[in-house]
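Chemist: Please read through the structure below; I'll follow up with questions.
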Amino acid sequence: MIDILYVLDGSNYIYRAYYAGKDGMSNDKGFPTNALYVFAKMVRKFLQDTNPAYMITVFDTPHQNFRHDLFPAYKVNRAGPPPETLVRQMPLFRTIMNLYGVKVVDAVGVEADDVIGALALQFKQQVLVVILGADKDLMQLIDSRVVMLDTMRGKRFGIHDVVKKFGVKPNRVVDVLGLAGDHGDGVPGVPGIGEKTATALVNEFGTVEGVLANIDKISGAKRKQMLETYADLARLSKVLVTLKTDMDLGLTLDDLRVGAVDTAALTLLYDELGFSSLMSGSARNNGGWRSRM
34 MIDILYVLDG SNYIYRAYYA GKDGMSNDKG FPTNALYVFA KMVRKFLQDT NPAYMITVFD
94 TPHQNFRHDL FPAYKVNRAG PPPETLVRQM PLFRTIMNLY GVKVVDAVGV EADDVIGALA
154 LQFKQQVLVV ILGADKDLMQ LIDSRVVMLD TMRGKRFGIH DVVKKFGVKP NRVVDVLGLA
214 GDHGDGVPGV PGIGEKTATA LVNEFGTVEG VLANIDKISG AKRKQMLETY ADLARLSKVL
274 VTLKTDMDLG LTLDDLRVGA VDTAALTLLY DELGFSSLMS GSARNNGGWR SRM
C-alpha cells in the first residue's frame, strides 16, 4: 500500500473559512473567531476521517514575493488588505496545526503555491502527494503521483479533470494562462486572447513559445497583431503563473510524520476561543485516533 503525503494549502483554506464562517462570531472577550472555527472544524474532521501518516500545512507570508519584482501590478486586482478581523486571527491557524501534530512551513519571497510545488516535486517519488486545496494554479502540478483534493466540496482533481477544465494536460496549463492571463491574480496575458482561444493555440503549437514562433500561421489579422505586440507580456505572464519549485526546504519525509495531538493545550485554546463543540472531539494516540468522550 502506497504512503500518502497530504499537503494543506493553508492560506487558501483560511480565506475560504473566513467567508464561510458566521459573520461577527467572537468569543466572550470579543476576539473574532469565525475563520478559526471553520478552519479548526475542517482540520479536526479531516484528521479523524483520514488518520494521515504524513501531512504538512503551507501558509503564505505577509511579504511581497519575486512576482511583484517582475510585475508590480501582480495581484493588483485583489480588494485591498485582508479584513482586520481576519488579521487578528492569523497567528492561531499555525498554532492549531501545531497542536494537532502537523508541521507548518512557509518561505519568504515566494508564495504558498510555490512551496507546495517544491514539496510535491521533492516527495512524489517516495509517496503519493495529495494537495488539499482548490487553486487552479496548483493544477499544473498534477500527474500520476500528484492529485488535488478539495475537501470543502468533496472534489478530486486528477489529470483527466485538468484536461476537462483547461483542454490541455497539466504541464501546459501555464501556457494557457500565459496567453489568456488570470484576472484574479492580475496576470495580464495577451489582450483579446481568451482561455478558449489560448487552449486552441496551445493544442496546435504546444507552448507560449511555440505560438509566438508561429504567429504567421495563426488566423485573424487582429489576433496576429495582438500576439506580435504583446509577445513579451505573454512570456512574462507564463513566468508569473509558473510555480517556482527549485527551493530546498530542508525537510525529509520523516519530518512530515503527523505527531500526537497536544490535547491539554488544544483544550485550553478551544475553551478560550469558545469552541465548546470542538472540545469533545478525538485525539490522536499511538498512531491512531480515539474518542475522548
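Per the numbering used here, residue 34 is the first one in the sequence shown, and the count goes up by one each step. Backbone N, C-alpha and C fix where the C-beta goes; we use that ideal spot for every residue, glycine too.
Contact defined as beta carbons within less than 8 Å: I believe Val223 pairs with Met259. What is the distance between those atoms, to the nearest angstrom?
Modeler: Going by Cβ atoms, the distance from Val223 to Met259 rounds to 5 Å, so yes, they are a contact pair.
Chemist: According to the neighbour-count rule (16 or more other Cβ atoms, all chains shown, within 10 Å of its Cβ), is Asp139 buried or exposed?
Modeler: buried
Chemist: Straight-line CA distance for Leu119 to Lys257?
Modeler: 46 Å
Chemist: Would you tell me roughly how many angstroms separate the C-alpha atoms of Gly219 and Ala297, rounded to the nearest one?
Modeler: 44 Å
Chemist: Run the CB neighbour count on Ala68, radius 10 Å, all protein chains shown included, and call it buried at 16 or more, exposed below.
Modeler: Taking all protein chains in view, the Cβ of Ala68 is crowded by 16 or more other Cβ atoms within 10 Å, so the residue is classified as buried.
Chemist: Closest to Asp170 by C-alpha separation, out of Val272, Met58 and Asp304, would be which residue?
Modeler: Val272
Chemist: Using the beta-carbon count (16 or more within 10 Å), is Leu327 buried or exposed?
Modeler: No statement about residue 327 is possible, as the shown extent of the chain runs from 34 to 326 and does not include it.
Chemist: Taking buried to mean at least 16 other C-beta atoms within 10 Å of its own C-beta, is Gln122 buried or exposed?
Modeler: buried
Chemist: Can the beta-carbon of Leu286 be found less than 8 Å from the beta-carbon of Pro221?
Modeler: Pairing Leu286 with Pro221 gives a Cβ-Cβ distance that is not under 8 Å.
Chemist: How about Asp42 and Lys136: do their beta carbons lie closer than 8 Å?
Modeler: no
Chemist: Taking the alpha carbon of Tyr52 as the reference point, which residue from Leu210, Tyr70, Asp176 and Pro124 has its own alpha carbon closest?
Modeler: Nearest C-alpha to Tyr52: Tyr70.
Chemist: Under three-state DSSP, which class holds Val223?
Modeler: coil
Chemist: Going along the chain, which unbroken runs of the alpha helix (DSSP H) with 4 or more residues stay wholly within the stretch 155-228?
Modeler: Contiguous alpha helix (DSSP H) elements confined to the stretch 155-228 occur at 192-199 and 206-213, taking only those with 4 or more residues.
Chemist: Could you check what DSSP says for Pro95 in three-state terms: helix, strand or coil?
Modeler: Pro95: coil per DSSP, three-state reduction.
Chemist: Just to confirm my understanding: we take Ile47, look at its own chain, exclude 5 residues before and 5 after, and list those with CB closer than 7 Å. What are they?
Modeler: The beta carbon of Ile47 lies closer than 7 Å to those of Ala68, Phe72 and Phe126 in the same chain, with the five residues before and after it left out.
Chemist: Identify which residue in Asn45, Ala246, Tyr263 and Lys78 has its Cα closest to the Cα of Asp214.
Modeler: It is Gly, not Asp, that sits at residue 214 in the sequence shown. Relative to the Cα of Gly214, the nearest Cα in the group Asn45, Ala246, Tyr263 and Lys78 belongs to Tyr263.
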